[in-house]
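Per the numbering used here, the sequence shown starts with residue 8, numbered consecutively.
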Amino acid sequence: MRLNAGPARRGCKGTAMNKLIPLLSGLAAAAFALNAQASLIQVTSTSILNVEKNPGNLSFSQFDAGLGTLKSVEIDLFNTLSGDLYIENKGSSTNSFTVSATGTLTLLNSGGNLAVTGTGSKSFLLPSYDGQPDYGGTSGMHYVLDPWTISKAATYTTGLDAFIGTGSYLAAVSGLSTQSLSGSGNNKYTTKLNMDSYARVTYTYEAAAAVPEPESGIMVLTGLGLMGWALRRKPVAPRRTNKP
Numbered sequence: 008m009r010l011n012a013g014p015a016r017r018g019c020k021g022t023a024m025n026k027l028i029p030l031l032s033g034l035a036a037a038a039f040a041l042n043a044q045a046s047l048i049q050v051t052s053t054s055i056l057n058v059e060k061n062p063g064n065l066s067f068s069q070f071d072a073g074l075g076t077l078k079s080v081e082i083d084l085f086n087t088l089s090g091d092l093y094i095e096n097k098g099s100s101t102n103s104f105t106v107s108a109t110g111t112l113t114l115l116n117s118g119g120n121l122a123v124t125g126t127g128s129k130s131f132l133l134p135s136y137d138g139q140p141d142y143g144g145t146s147g148m149h150y151v152l153d154p155w156t157i158s159k160a161a162t163y164t165t166g167l168d169a170f171i172g173t174g175s176y177l178a179a180v181s182g183l184s185t186q187s188l189s190g191s192g193n194n195k196y197t198t199k200l201n202m203d204s205y206a207r208v209t210y211t212y213e214a215a216a217a218v219p220e221p222e223s224g225i226m227v228l229t230g231l232g233l234m235g236w237a238l239r240r241k242p243v244a245p246r247r248t249n250k251p
């Protein structure tokens with residue numbers, strides 16, 4: 008009678024190895040995946056006051072290519088409106104009117120145009136004409152619009168090269184206002200609308216590949232230690248065979 012334990016030991020080690028290899032592969036993949044997560048940077052542009060009378064460029068910092076690969080650019084355009092509405096009832100009887108002023112800002116950029124529109128309005132019930140076309144007295148009214156802000160965002164995934172650099176990106180912005188009146192009777196009206204603008208820009212990018220962090224190496228080493236421990240944790244009892 009003799010011991011025949013060799014094949015059993017090799018079989019055990021092979022099975023343990025086969026089970027641990029996928030685990031180690033997963034640990035290594037996770038370690039390197041940590042370096043490919045999407046990141047965000049947000050910047051705010053300069054401002055332009057009274058854009059309709061002072062069209063110009065909004066300026067904001069470009070994306071630094073050293074940080075990684077730029078994937079998309081989101082531009083959020085803000086339009087802060089304020090103004091005045093004037094109305095005079097020149098009719099011989101009381102009449103109702105609604106005066107509206109609309110302002111649109113348009114931003115031109117390499118990804119495409121972006122426009123944001125705001126409207127302010129006020130309804131008036133005015134007595135018959137008092138003989139004075141002054142937007143005052145009993146038949147006229149001057150109404151001040153409280154400032155309000157609206158915004159619109161757009162995301163661009165093409166034409167991104169112009170956003171990349173170490174300087175500033177210039178985006179042309181212009182404004183256009185219109186006025187309208189609804190109601191009946193003889194009247195005189197006008198509006199004054201002011202639009203101020205700025206933009207908030209969000210860069211989404213994939214961080215540049217880097218050497219795995221120390222923690223990542225520790226994960227892999229831990230996996231190797233687990234493998235060694237598993238292979239040594241329990242010797243396999245030898246099988247007894249009878250030999251004639």
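Ideal Cβ placement from N, Cα and C applies to all residues, glycine included.
Would you mind stating whether residue i and residue j have Cβ atoms separated by less than 7 Å?
i      : j      : result
Thr87  : Tyr212 : no
Leu115 : Ala161 : no
Ser181 : Thr113 : yes
Asn64  : Ala215 : no
Thr105 : Thr124 : no
Quick check on residue i: buried or exposed, where buried means 16 or more other Cβ atoms within 10 Å of its Cβ?
i      : result
Leu132 : exposed
Leu47  : exposed
Leu56  : exposed
Tyr205 : buried
Asn305 : Residue 305 is absent from the model: the chain starts at 8 and stops at 251.
Phe39  : Because the pLDDT at Phe39 is just 49, under 50, the model does not fix this residue reliably, and the point stays unresolved.
Asn252 : The structure shown does not extend to residue 252, since the chain is modelled only from 8 through 251, so no value can be given for it.
Asp83  : buried
Gly138 : exposed
Ser103 : exposed
Nearest CA to the CA of residue i: which residue from the options?
i      : options                           : result
Lys141 : Arg207, Thr197, Thr111 and Asp203 : A quick correction: the sequence has Asp, not Lys, at residue 141. Out of Arg207, Thr197, Thr111 and Asp203, Thr197 has the C-alpha closest to the C-alpha of Asp141.
Pro134 : Ala72, Tyr150 and Gly144          : Gly144
Ser100 : Tyr136, Lys78 and Gly90           : Tyr136
Ser158 : Ser107, Ser103, Gly166 and Met202 : Met202
Gln6   : Phe85, Ser187, Glu59 and Lys78    : Since the first and last residues shown for the chain are 8 and 251, residue 6 lies out of range.
Would you give the residue range spanned by the beta strand (DSSP E) that residue i belongs to?
i      : result
Asn44  : Just to set this straight, residue 44 is Gln in the shown sequence, not Asn. Counting along the chain, Gln44 falls outside any beta strand (DSSP E), and DSSP gives it neither H nor E.
Asp83  : Gly75 to Asn96
Lys205 : In the sequence as presented, Lys is not what sits at residue 205; that position holds Tyr. Element bounds for Tyr205: Asn194 to Ala214.
Phe70  : Neither: Phe70 is in no beta strand (DSSP E) and is coded neither H nor E.
Ile157 : Gly147 to Tyr163
Val106 : Asn102 to Leu115
Exercise for the section: Tell me, please, whether the segment 171 to 180 touches the segment 89 to 109 by the rule of three or more beta-carbon pairs shorter than 8 Å. Expected result: They do not touch, by the three-pair rule.
Exercise for the section: Pair every Cβ in the segment 57 to 71 with every Cβ in the segment 143 to 159, then say whether three or more of these pairs are closer than 8 Å. Expected result: No: the two stretches stay apart, fewer than three of their Cβ pairs being nearer than 8 Å.
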